[in-house]
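What the sequence shown shows, in this note's numbering, is residues 18 to 160, in sequence order.
Glycine included, C-beta positions come from ideal geometry on N, C-alpha and C.
To start, the structure itself, in structure tokens.
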Amino acid sequence: IHTLPNSTPISHHVKVDFELRGCPVSKAQLVEVVTAFLQGRKPQFPTHPVCMECKGRGAVCVAVARGLPCLGPVTMAGCGAICPAFGRGCYGCFGPSKSPATAALGPVLRSHGLDDPAIARAYRAYNAAAEAFERAGDDHERA
């Protein structure tokens with residue numbers, strides 16, 4: 018089976034008018050996009066990190082309470098904090114938040130048991146081509 022040597026976003030190959038984040042995409046966000054386009058306005062999505070969604074739904078911080086690696090502090094909200102609500106760290110499915118402090122999260126992830134290659138893999142799991150996650154993955158790969 019022939020595959021690409023690297024995973025790339027579809028926007029690197031064809032023109033994309035709008036991109037929904039997530040794996041899977043959020044039903045609420047899909048409805049917001051369709052509604053916004055029908056009304057002739059720009060869709061509105063949260064720009065804060067997943068941690069805010071955790072707090073909003075009363076989910077215990079898995080990084081603090083259980084010492085689990087979590088990308089929530091650097092990941093865009095929109096998923097409803099599904100993974101942390103079920104006792105798992107955020108995997109970063111919705112991509113980087115507006116101003117992700119990936120360098121500051123590195124020491125925290127190390128203290129939770131990840132080495133630099135594992136941190137690089139975490140940033141490359143779902144949104145490897147997102148600039149902030151790509152840069153963070155490269156930084157940890159070189160470390």
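*Counting Cβ pairs, one atom from each stretch, are 3 or more of them under 8 Å apart for the region 43-56 and the region 77-85?*
no
*Going by beta carbon distance, what residues of the same chain come within less than 7 Å of Tyr143, once the five residues before and after it are set aside?*
Cys40, Tyr108, Gly109 and Cys110
_At least 3 beta-carbon pairs within less than 8 Å: the region 127-145 vs the region 52-65_ = no
*Cα separation between Thr25 and Val42?*
18 Å
*Straight-line gap, Pro90 to Asp34 (C-alpha atoms, nearest Å)*: 28 Å
*Would you please state the rounded distance, in angstroms, between the beta carbons of Gly112 and His157? I believe it to be under 8 Å.*
About 17 Å; that fails the 8 Å criterion.
*With a threshold of 16 other CB atoms inside 10 Å of the CB of Thr92, please say whether the residue is buried or exposed.*
buried
_Using CA atoms only, rank isn't needed, just tell me which of Arg152, Gly104, Cys71 and Arg159 is closest to Pro134._
Arg159
*Sorted by chain position, which residues of the same chain lie with C-beta nearer than 6 Å to Cys68's C-beta, five sequence neighbours on each side aside?*
Gly89 and Pro90
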